[in-house]
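Engineer:
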Amino acid sequence: MYKRQIFELVKKLGKSTGKRAGVELRSITGGNAANMVADHARTVLRADSYEDIRESLEEYKKQTGYKLNAKGIGKSLEITASGISSHGARPEKGLNAISVLMGFIGKLNIINEDMSDFIDFYNSHIGFDLHGERIGCDLSDEVSGKLIFNVGMIHLDQEVAKLTVNIRYPVTLDEETVYSSMMPNLDKYDIGVVKLNHQPPIYVLEDDPLIVTLMNVYKKHTGDSESRPLVIGGGTYARAMENAVAFGMTFPGEPEVAHQKNEYVVIENLIKATKIFADSIYELTK
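Taking the working numbering, the leading residue of the sequence shown gets 1, the next gets one more, and so forth.
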């Protein structure tokens with residue numbers, strides 16, 4: 001299990017100095033929740049002409065294979081990016097639409113200097129990184145593995161730029177270690193941190209009687225003697241009471257569809273899991 005932290009990376013935006021010509025960035029939005037990989041993002045731009053922007057967009061799509069679309073809205077141009085949603089604990093299974101869109105915006109000459117700096121920060125220090133490699137918090141331990149870094153939401157208007165980030169960091173580390181590792185890169189861009197939510201880990205040793213009992217029941221019903229208890233980054237209802245852990249119900253080799261569109265369960269697996277749960281309750285009450 002990881003420790004989980006949600007925070008915002010915030011940069012106040014000043015007015016343009018008027019020294020640059022180019023594209024006026026009106027807004028950026030994207031994502032639905034901190035703990036989800038964003039599957040959509042949107043920006044609104046203004047410029048004297050959109051021909052070069054449209055050509056650049058088509059070239060970007062051709063080079064990357066990403067899905068983006070541009071359409072006129074009054075005197076403005078709206079560009080949307082599509083990604084693939086997944087749980088923030090498994091960002092490698094998704095495609096972050098925010099990163100897709102920011103990668104393209106980074107190719108434009110943005111008039112506002114602060115906005116341009118923020119976009120440069122994102123593409124230079126976050127991009128598609130899943131473990132905080134370039135922002136500085138690429139931390140790990142033997143128990144949990146690597147830190148997991150997910151940008152779940154973005155909001156940019158004429159006054160502020162804000163990223164909502166969900167990280168899952170190793171149980172042997174503390175949150176100040178994580179924040180201090182990022183600060184040198186954040187300070188360079190005058191970006192602040194707003195801490196929103198912190199959840200301590202649930203970690204039970206493999207030889208604990210609870211785990212031993214659950215694993216014995218699992219082996220009895222499945223014949224699987226090779227699988228071992230897992231450390232995961234996701235939060236579960238095991239937090240609702242003491243001496244509880246998440247148990248099931250995705251079986252080895254089955255696709256992980258939690259929090260995804262058209263989430264489902266195979267009836268055969270549901271019945272098998274129900275038998276395991278019932279037997280586990282019986283064994284634990286002995």
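Note that CB positions come from ideal geometry on N, CA and C, so glycine has one too.
1. In three-state DSSP terms, what is Asp141?
2. Name the DSSP beta bridge partners of Val37, please?
3. Counting Cβ pairs, one atom from each stretch, are 3 or more of them under 8 Å apart for the region 187-195 and the region 49-62?
4. Report the CB separation of Pro252 from Ser227 in whole angstroms; it is logged as a contact under 8 Å.
5. Please name the residue or residues paired with Ala161 in a DSSP beta bridge.
6. Along the chain, where does the beta strand (DSSP E) containing Lys71 start, and where does it finish?
7. Since I believe Leu139 is in contact with Leu173 (beta carbons under 8 Å), could you give me their beta-carbon distance rounded to a whole number of angstroms?
8. Look at Ala47 and Ala81 and say whether their C-beta atoms are less than 7 Å apart.
9. Taking 7 Å as the cut-off, decide whether the C-beta atoms of Ile98 and Ile154 are in contact.
10. Grab me the residues of Ala246's own chain with a C-beta within less than 7 Å of its C-beta, minus the 5 sequence neighbours each way, in chain order.
11. Is Ser16 near Asn112, with beta carbons less than 7 Å apart?
12. In the DSSP assignment, what residue or residues form a beta bridge with Ile105?
13. Taking only the alpha-carbon atoms, compute the straight-line gap between Gly72 and Phe149 and give it to the nearest angstrom.
14. Looking only at C-alpha atoms, which of Leu68, Leu147, Lys61 sits nearest to Tyr2?
15. Where do the ends of the alpha helix (DSSP H) carrying Ala273 lie?
16. Which residues does DSSP pair with Pro195 in a beta bridge?
17. Are the CB atoms of His221 and Ile276 nearer to each other than 7 Å?
18. Hey, could you find the ends of the alpha helix (DSSP H) Ile53 is sitting in?
19. For Gln260, does the count of other Cβ atoms within 10 angstroms reach 16, so buried, or fall short, so exposed?
20. Val143: which of Asn32, Leu230, Glu263, Leu45 sits nearest, CA to CA?
21. Taking 7 Å as the threshold (C-beta atoms), are Pro91 and Leu45 in contact?
22. Is the region 206-221 touching the region 17-28, taking contact as three or more C-beta pairs under 8 Å?
23. Who are the near neighbours of Lys93 in its chain, counting only those whose CB is closer than 6 Å to its CB and skipping five residues on each side?
Structural biologist: On the basis of the data shown:
1. On the sequence shown, position 141 is the one that residue 141 refers to. The answer is strand: DSSP assigns Asp141 an E or B state.
2. On the sequence shown, position 37 is the one that residue 37 refers to. Answer is none; Val37 lacks a bridge partner.
3. no
4. For the purposes of this step, residue 252 is taken as residue 252 along the sequence shown, with counting starting at 1. For the purposes of this step, residue 227 is taken as residue 227 along the sequence shown, with counting starting at 1. Correct: roughly 5 Å between the Cβ atoms.
5. One-based indexing of the sequence shown puts residue 161 at position 161. According to DSSP, Ala161 bridges with Lys11, Leu156.
6. Start at 1 with the first residue of the sequence shown, and residue 71 comes out as number 71. Its beta strand (DSSP E) spans residues 67-73.
7. Residue numbering aside, residue 173 sits at position 173 when the sequence shown is read from its first letter. Residue numbering aside, residue 139 sits at position 139 when the sequence shown is read from its first letter. Their Cβ separation, rounded to whole angstroms, is 6 Å, which keeps Leu173 and Leu139 in contact under 8 Å.
8. Locating residue 47 in the sequence shown gives position 47, counting from the first residue. Locating residue 81 in the sequence shown gives position 81, counting from the first residue. Against a cut-off of 7 Å, the Cβ pair of Ala81 and Ala47 comes out as no contact.
9. In the sequence shown, residue 98 corresponds to position 98, counting from 1. In the sequence shown, residue 154 corresponds to position 154, counting from 1. Yes, these two residues count as a Cβ contact at 7 Å.
10. Position 246 of the sequence shown, counted from the first residue, corresponds to residue 246. The answer, listed in chain order, is Thr236, Ala238.
11. In the sequence shown, residue 16 corresponds to position 16, counting from 1. In the sequence shown, residue 112 corresponds to position 112, counting from 1. The answer is yes: Cβ separation under 7 Å.
12. For the purposes of this step, residue 105 is identified with residue 105 of the sequence shown, where counting begins at 1. Per DSSP, none; premise fails for Ile105.
13. Here residue 72 refers to the residue found at position 72 when the sequence shown is read from its first residue. Here residue 149 refers to the residue found at position 149 when the sequence shown is read from its first residue. Computed Cα separation, rounded: 34 Å.
14. The residue labelled residue 2 in the question sits at position 2 within the sequence shown. The option with the nearest alpha carbon to Tyr2 is Leu147.
15. Taking the sequence shown and counting its residues from 1, the one referred to as residue 273 is at position 273. 267-284 is the extent of the alpha helix (DSSP H) around Ala273.
16. Counting from 1 along the sequence shown, the entry for residue 195 is found at position 195. The sequence shown places Lys at residue 195, rather than the Pro named in the question. For Lys195, which the question treats as bridged, DSSP gives the partners Phe7.
17. Mapped onto the sequence shown, residue 221 falls at position 221. Mapped onto the sequence shown, residue 276 falls at position 276. The answer is yes: Cβ separation under 7 Å.
18. Locating residue 53 in the sequence shown gives position 53, where the first residue counts as 1. That run of the alpha helix (DSSP H) goes 51-64.
19. To locate residue 260, count along the sequence shown from 1; it is residue 260. Burial call: buried.
20. The residue given as residue 143 occupies position 143 in the sequence shown. Selected option, being the one with the closest Cα: Leu230.
21. Residue mapping note: residue 45 aligns to position 45 of the sequence shown, counting from 1. Residue mapping note: residue 91 aligns to position 91 of the sequence shown, counting from 1. No.
22. no
23. The sequence position of residue 93 within the sequence shown is 93, counting from 1. The answer, listed in chain order, is Ser86.
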